[in-house]
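Below: the structure, in structure tokens.
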Amino acid sequence: MDRNPKPDKRWHTVNAWLLRQIDSGEWPSGMQLPSVRELARLFDSSIATVQRALAELEANAYVQATPRVGYFVAKGAAAVQGFDLASVTVNVNHAVVAMLAQAASNTHLSLSSAVLHDELTPQVLLNKCLASLAAKADQPLAGLVAPPGLASLRRRLAGLMLQRGVACGPDEVLVTSGDTIALELALEAVARPGATVAIETPTYYGILQTIERLGMRALPIRTHADSGMDLDHLEWALKRGKVNVVFLNPTLQNPRGFIMPDAARARLSQLAQAADVPIIEDDIFFDLVDEAQRPKAIKHYDETGQTIYCSSFSKTVAPGYRVGWCVAGRYRDAILAQLFSRNLAVSSLAQRVLDEFIGRGYMEEHCAKLRGRLAAQAGVMETLVRSAFPPGTRYVAPQGGFIHWIELPEGTDVVALQRLAAERGCNVGASGMFFADGKCGTGLRVCLGRVITPEVMGGLRVLAECAALSGA
């Protein structure tokens with residue numbers, strides 16, 4: 001018998017995971033932690049192991065115990081070690097290309113690509129607009145519309161911006177070939193290669209691809225699952241001159257689905273203006289938010305013209321039309337020059353159809369119906385996570401839209417899950433493409449821009465089964 005057994009070091013694993021939840025903002029100040037018994041079950045460890053991990057956190061002022069109640073995240077816990085101000089080289093493009101190529105295959109069910117499928121797009125209404133335009137002899141449907149875009153559509157877009165809390169004229173609106181081009185033009189206008197871009201973490205892979213393509217670096221800012229970018233962390237970085245531009249997706253954030261509150265948007269704008277740092281606001285999902293919950297755009301709080309607002313019709317009306325827009329403030333002329341120099345004119349036919357679509361009042365009619373159809377998906381996902389996914393899986397329903405983020409138990413091999421699911425006819429992307437360093441965690445983005453049919457339900461159950469098989 002060993003008279004000097006080695007101490008159980010498993011508490012280090014529990015401690016590291018709890019610390020990561022706090023430091024990432026997943027567990028904000030004041031939140032109650034799962035009970036000791038729940039944590040013991042989650043890690044398949046003894047109660048004594050969990051208590052040892054919690055004791056270490058309490059000794060370092062990360063958590064505080066309330067007798068007969070439980071443990072809570074201590075106020076200011078994340079500030080104990082200070083904020084991470086190290087920027088990183090972005091490395092996600094190869095993973096994104098692989099995911100999109102896989103999603104384009106018609107042999108598998110794809111739950112990886114955030115595309116609105118045909119059954120949810122207003123094809124009948126768009127065709128009515130197209131037929132109406134074709135019947136008008138004075139409409140040059142094949143003619144070139146040079147930047148900044150069709151004047152009548154820009155007037156419509158200025159009207160849509162009022163719903164977002166932004167008063168602007170048609171001349172301030174630039175029509176672009178989709179949201180991604182708008183984002184790239186915006187970043188190129190405000191920063192140079194080597195610049196540091198503050199981002200949410202995780203964040204939309206398109207933002208990361210743009211940073212990578214332009215040779216810039218990313219500074220991941222702690223991001224809370226319910227309120228978005230941690231502004232204390234951002235302020236810390238701004239005051240130390242570590243940020244050249246802030247780039248975020250604050251409304252129905254991709255991939256986590258939260259809506260940044262109005263008060264946080266106002267503070268973010270104030271911080272950026274005080275530091276004279278531009279903001280690029282990607283607001284592509286605005287029309288998928290229920291009208292009673294809609295926030296004001298960050299651009300609403302901009303008093304100096306340094307926020308560039310970008311959006312598109314791709315996630316709501318017509319994915320294939322590739323029509324987006326930006327309101328660029330002080331950077332308008334720089335972006336317009338890029339549009340001309342790179343010959344980035346947008347399809348005149350698509351612009352005219354959308355102009356007619358909005359003018360007939362179809363935009364409000366369609367988006368209201370679409371929001372209703374998408375709202376039921378969160379209930380389906382919540383039921384499925386509870387009944388079919390492994391114990392310890394966490395899911396917070398998005399506040400609208402069709403992108404769902406599932407956090408699988410610690411130790412799940414998401415790359416193995418992805419491979420197993422593909423073998424069973426279901427494609428899903430790994431989480432690494434939402435993080436600047438490309439490292440895969442245990443998050444899983446599920447895109448449901450479609451009607452939930454028996455085939456789709458079958459694919460979701462395949463994911464649940466593969467998650468169980470890929471566990472620690």
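Reminder that position 430 of the sequence shown reads as 430 in the UniProt record's numbering, one-by-one numbering, no gaps.
Ideal placement from N, C-alpha and C gives every residue a C-beta, glycine not left out.
Predicted, not measured: the structure shown is a model, and the values here were computed from it.
Residue i: buried (16+ other C-beta within 10 angstroms of its C-beta) or exposed?
i	result
threonine 304	exposed
arginine 386	exposed
glutamine 351	buried
histidine 12	exposed
alanine 48	exposed
glycine 379	exposed
proline 5	Only weak support is given to the placement of proline 5: the predicted model assigns it a pLDDT of 36, under 50, and the value that follows is read from those uncertain coordinates. Its Cβ having fewer than 16 others within 10 Å, proline 5 is exposed.
methionine 457	exposed
alanine 264	buried
alanine 198	buried
alanine 142	exposed
serine 132	exposed
glutamine 123	exposed
glutamate 356	buried
valine 190	buried
methionine 1	Note that methionine 1 has pLDDT 37, beneath the 50 cutoff, so the model's placement of it is unreliable and no number is given.
glutamine 293	exposed
How close, in whole Å, do the beta carbons of residue i and residue j come, if the pair is a contact with beta carbons under 8 angstroms?
i	j	result
serine 348	leucine 144	6 angstroms
alanine 95	glycine 432	6 angstroms
valine 14	phenylalanine 43	5 angstroms
valine 196	asparagine 244	Note that residue 196 is threonine in the sequence shown, not valine. At roughly 5 angstroms, the Cβ-Cβ gap stays under 8 angstroms, so threonine 196 and asparagine 244 are in contact.
tryptophan 405	arginine 256	5 angstroms
leucine 116	proline 319	6 angstroms
threonine 402	leucine 448	In the sequence under discussion, the amino acid at residue 402 is phenylalanine, which differs from the threonine named in the question. Indeed they touch by this definition, with Cβ atoms about 5 angstroms apart.
Which stretch, first to last residue, makes up the beta strand (DSSP E) that contains residue i?
i	result
glutamate 281	279-282
alanine 198	196-200
phenylalanine 247	245-248
alanine 225	Premise fails: alanine 225 is in no beta strand (DSSP E) and is neither H nor E.
histidine 404	403-407
isoleucine 308	307-312
glycine 324	324-327
threonine 176	173-176
alanine 436	It is not in any beta strand (DSSP E) - alanine 436 carries neither H nor E in the DSSP assignment.
alanine 65	63-66
residue 474	Residue 474 falls outside the range modelled here, since the chain spans only 1 to 472, and no answer is possible.
Using the C-alpha atoms, what's the distance from residue j back to residue i?
i	j	result
glutamate 119	leucine 33	42 angstroms
alanine 167	alanine 436	34 angstroms
proline 148	proline 140	18 angstroms
alanine 266	alanine 135	47 angstroms
threonine 89	lysine 239	22 angstroms
glycine 165	cysteine 440	37 angstroms
arginine 192	leucine 248	18 angstroms
glutamate 465	leucine 252	28 angstroms
serine 35	valine 446	29 angstroms
alanine 337	asparagine 343	10 angstroms
serine 428	valine 97	For clarity, residue 428 is valine in the given sequence; the question names serine instead. Distance between the alpha carbons of valine 428 and valine 97 is about 13 angstroms.
cysteine 310	alanine 297	10 angstroms
glutamine 163	histidine 300	11 angstroms
alanine 237	leucine 85	6 angstroms
valine 80	alanine 61	Here the model assigns valine 80 a pLDDT of 44, short of 50, so the residue's position is not dependable, and the following value carries that caveat. Whole-angstrom Cα-Cα distance: 8 angstroms.
leucine 174	threonine 316	19 angstroms
lysine 75	alanine 55	17 angstroms
tyrosine 395	leucine 126	36 angstroms
isoleucine 358	arginine 155	11 angstroms
glutamate 235	lysine 128	50 angstroms
alanine 114	alanine 53	39 angstroms
asparagine 91	threonine 66	43 angstroms
glutamine 220	lysine 242	Checking the sequence, you will find proline at residue 220 rather than glutamine. Rounded to whole angstroms, proline 220 to lysine 242 spans 11 angstroms at the Cα level.
glycine 370	serine 45	A quick correction: the sequence has leucine, not glycine, at residue 370. Each residue's Cα considered, the two are about 46 angstroms apart.
alanine 40	arginine 10	11 angstroms
aspartate 408	leucine 100	Note that residue 408 corresponds to leucine in the displayed sequence, not to aspartate. Cα to Cα, the separation comes out at about 23 angstroms.
isoleucine 211	glutamate 200	13 angstroms
threonine 203	leucine 157	26 angstroms
glutamate 291	glutamate 172	25 angstroms
glutamine 377	threonine 442	22 angstroms
arginine 222	glutamine 51	27 angstroms
So residue i is in the alpha helix (DSSP H); what residue range does that whole segment cover?
i	result
threonine 49	47-59
tryptophan 236	231-239
isoleucine 181	179-190
leucine 445	Correcting the residue identity first, residue 445 is arginine in this sequence and not leucine. Here arginine 445 belongs to no alpha helix (DSSP H); instead the beta strand (DSSP E) covers 443-447.
glutamine 123	123-135
glutamine 293	No alpha helix (DSSP H) contains glutamine 293, which DSSP labels as neither H nor E.
glycine 379	362-388
Using beta carbons (cut-off 9 angstroms, strictly below), is residue i in contact with chain C?
i	result
cysteine 129	Protein chains in the displayed structure number just one, and chain C is not present.
The stretch 175-193 contacting the stretch 279-288, beta-carbon criterion three pairs below 8 angstroms: yes
Check whether the stretch 167-183 touches the stretch 320-329, counting contact only when three or more Cβ pairs, one atom from each stretch, lie closer than 8 angstroms. Judged by pairs of C-beta atoms under 8 angstroms, the stretch 167-183 touches the stretch 320-329, as three or more such pairs exist.
Three-pair Cβ contact test at 8 angstroms for the stretch 261-277 versus the stretch 218-231: yes
Meets three-Cβ-pair contact criterion under 8 angstroms: the stretch 397-417 and the stretch 455-470: Flag = yes, the stretch 397-417 and the stretch 455-470 touch.
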